[in-house]
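Engineer: Everything in the sequence shown is counted per this note's numbering, starting at 1087 for the first residue and increasing by one. The beta carbon of each residue, even a glycine, is placed where N, CA and C say it ideally should be. The model shown is predicted, which means the values in this text are computed figures rather than measured ones. Just passing along the structure, written as structure tokens.
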Amino acid sequence: MRKMSDVTKSEKIVLECDAALKSVAQSLPSYLRFFDEDLPIGESPHEVQRISLGLNYFLTQMLMHRPTLIYATSFA
């Protein structure tokens, strides 16, 4: 990324991907919803899958947003 317009395009793409990722997370079946604080921890046979989904979700979010933050600060 050499120009500020590239950063703007990148930010737009990241926001679109972030919205799609949130949509997928919201469409998960109730027993796999890692963001539901009302579900008891460790009592479901799907606990490992739920934790794995949550970890991968947040890792994907961090990896998506990190380049945008780096480029935005370098052009500031």
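Are the CB atoms of Ser1130 and Tyr1117 within a distance shorter than 7 Å?
Structural biologist: yes
Engineer: I believe His1151 touches Val1110 by the beta-carbon criterion, under 8 Å. Please report the beta-carbon distance rounded to the nearest angstrom.
Structural biologist: His1151 to Val1110, Cβ: 17 Å. No contact.
Engineer: Report the rounded CA-to-CA distance for Val1134 versus Gln1112, giving the unit in angstroms.
Structural biologist: 18 Å
Engineer: Threshold first: 4 residues or longer. Then list the alpha helix (DSSP H) segments lying entirely within the region 1108 to 1162, N to C.
Structural biologist: 1133 to 1161
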